[in-house]
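Those protein sequences? They're chains E and X, same order as listed. Residues in the first sequence are numbered consecutively from 1, following full-length UniProt numbering. Residues in the second sequence are numbered consecutively from 1, following full-length UniProt numbering. Using N, Cα and C, we set each Cβ at its ideal position, and we do this for glycine too. Read the structure below first, then the notes.
Number of protein chains: 2
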Amino acid sequence: MATDDLMTRALEALGDDGPLSVEAIHRLADLADLPETMTIAEVADLLDISPHTLRYYERAGLVEVARDGNGHRVYDAEAVRRLVFLTRMRLSGMSMRDLQHYISLVDAGGHTVPERLDVLVEHRDTIRRRIRELTLSLTAVEYKITTYGGSTGPDVQAFGTTTGTDRTALPDEPLRRALPAE
Amino acid sequence: MATDDLMTRALEALGDDGPLSVEAIHRLADLADLPETMTIAEVADLLDISPHTLRYYERAGLVEVARDGNGHRVYDAEAVRRLVFLTRMRLSGMSMRDLQHYISLVDAGGHTVPERLDVLVEHRDTIRRRIRELTLSLTAVEYKITTYGGSTGPDVQAFGTTTGTDRTALPDEPLRRALPAE
DNA sequence: CTATGCCTTCGAGCGCGCTCGAAGGCAAAA
DNA sequence: TTTTGCCTTCGAGCGCGCTCGAAGGCATAG
Numbered sequence: 001m002a003t004d005d006l007m008t009r010a011l012e013a014l015g016d017d018g019p020l021s022v023e024a025i026h027r028l029a030d031l032a033d034l035p036e037t038m039t040i041a042e043v044a045d046l047l048d049i050s051p052h053t054l055r056y057y058e059r060a061g062l063v064e065v066a067r068d069g070n071g072h073r074v075y076d077a078e079a080v081r082r083l084v085f086l087t088r089m090r091l092s093g094m095s096m097r098d099l100q101h102y103i104s105l106v107d108a109g110g111h112t113v114p115e116r117l118d119v120l121v122e123h124r125d126t127i128r129r130r131i132r133e134l135t136l137s138l139t140a141v142e143y144k145i146t147t148y149g150g151s152t153g154p155d156v157q158a159f160g161t162t163t164g165t166d167r168t169a170l171p172d173e174p175l176r177r178a179l180p181a182e
Numbered sequence: 001m002a003t004d005d006l007m008t009r010a011l012e013a014l015g016d017d018g019p020l021s022v023e024a025i026h027r028l029a030d031l032a033d034l035p036e037t038m039t040i041a042e043v044a045d046l047l048d049i050s051p052h053t054l055r056y057y058e059r060a061g062l063v064e065v066a067r068d069g070n071g072h073r074v075y076d077a078e079a080v081r082r083l084v085f086l087t088r089m090r091l092s093g094m095s096m097r098d099l100q101h102y103i104s105l106v107d108a109g110g111h112t113v114p115e116r117l118d119v120l121v122e123h124r125d126t127i128r129r130r131i132r133e134l135t136l137s138l139t140a141v142e143y144k145i146t147t148y149g150g151s152t153g154p155d156v157q158a159f160g161t162t163t164g165t166d167r168t169a170l171p172d173e174p175l176r177r178a179l180p181a182e
């Protein structure tokens, strides 16, 4: 992970085909049977992020981690569960800043539950908006693909005719279709 | 627009409620009746991006723009259509690098159509993966919200009881439910 | 004649989220 | 005993996509 926009990185984090992330999610799904303690390498592997990133999250105040006799990090189940949460939220587009805010609420005690809910609800709405946006884009791109030829295969040549004016703009019909009633 | 991750910025680009972006999209939908030429301010307004960003895209080689007698940019309909396309692709998460590649293919001529299709198809799949990811996250966040209390309203206090162990981790059942068969 | 306002180019700076390298500690293996 | 390997801290650096400011040009308004 090393680029820029959350989006870009989030997209990259998905890997190239999906299988990688599916594996990671399956591993994440087993929150019930976590070992009592884990090393940084084990947690990194579990969450599919680098040890560097784990240390970074700790520095950022998102999680506290104990040390053993050698000064090595020892992640207990609570820390791991929190990191699972943090990783999920990062993947869904929540910023480090917002996560820091949220965690500060959690650490402040039960009376911050309403405010935590506000944060979650707002983030939920953000995710919904983003999904709508992407769905719109998807429709447009799909339309453009079918307009270009409908297949990536060898019969694409047949469409050289339609390529006179260079077709960088997406046609507007699909967008019109894709626009929700709202 | 000024942050980092594509995602973050993309999310921000949506504004706080959606109305702004909806307006922008409506404006974008009218590709048919574009004026013959536009100024940088008009294009910026149309696309809901800053003149700075438009100049940046030009510097990046994504579009060529003529000048008038005063050296001011004059965007013709083709340039605007291309910028509409570019903006849409940016919003859907395509990187500047990939857009530069795509545009180089467009400018190389009609024989690159198959390769352009490959790019589009790959991007389509990326969008699909991202939507799946976000849908998963959405389910998890929604579950967490209902677990916390189901409403953000005043009756939230009733849930102070469940907050003993700090609830940073998302429960695994919703993720299990959300995991697609694939 | 100034002033306002929008435009130009150029290069530097920013914010985010990592990502990396240096310098060193401890422990089990050879 | 040396080597291998994984860990530690700390601070710097990177890649991306803007974003901004300085310094100046031209034109219309007052």
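Could you check whether residue j and residue i sit closer than 8 Å to each other, using their CB atoms as the reference points?
i              : j              : result
residue 80(E)  : residue 43(E)  : yes
residue 82(E)  : residue 113(E) : no
residue 128(E) : residue 93(E)  : no
residue 66(X)  : residue 36(X)  : no
residue 102(E) : residue 90(E)  : no
residue 54(E)  : residue 84(E)  : no
residue 141(E) : residue 97(X)  : no
residue 126(E) : residue 72(E)  : no
residue 51(E)  : residue 60(E)  : no
residue 137(X) : residue 132(E) : no
Start and end of the alpha helix (DSSP H) containing residue i?
i              : result
residue 45(X)  : 40-47
residue 96(X)  : 96-108
residue 117(X) : 113-148
residue 54(X)  : 51-59
Where does the unbroken beta strand (DSSP E) through residue i begin, and where does it stop?
i             : result
residue 76(X) : 73-76
On the DSSP bridge list, what partners appear for residue i?
i             : result
residue 66(X) : 74(X)
residue 37(X) : 76(X)
Just checking my contact of residue i with residue j at CB under 8 Å: how many whole Å lie between their CB atoms?
i             : j             : result
residue 57(E) : residue 86(E) : 6 Å
Check: Does the segment 134-145 of chain E come within contact of the segment 109-123 of chain X, defined as at least 3 CB pairs closer than 8 Å?
Finding: yes
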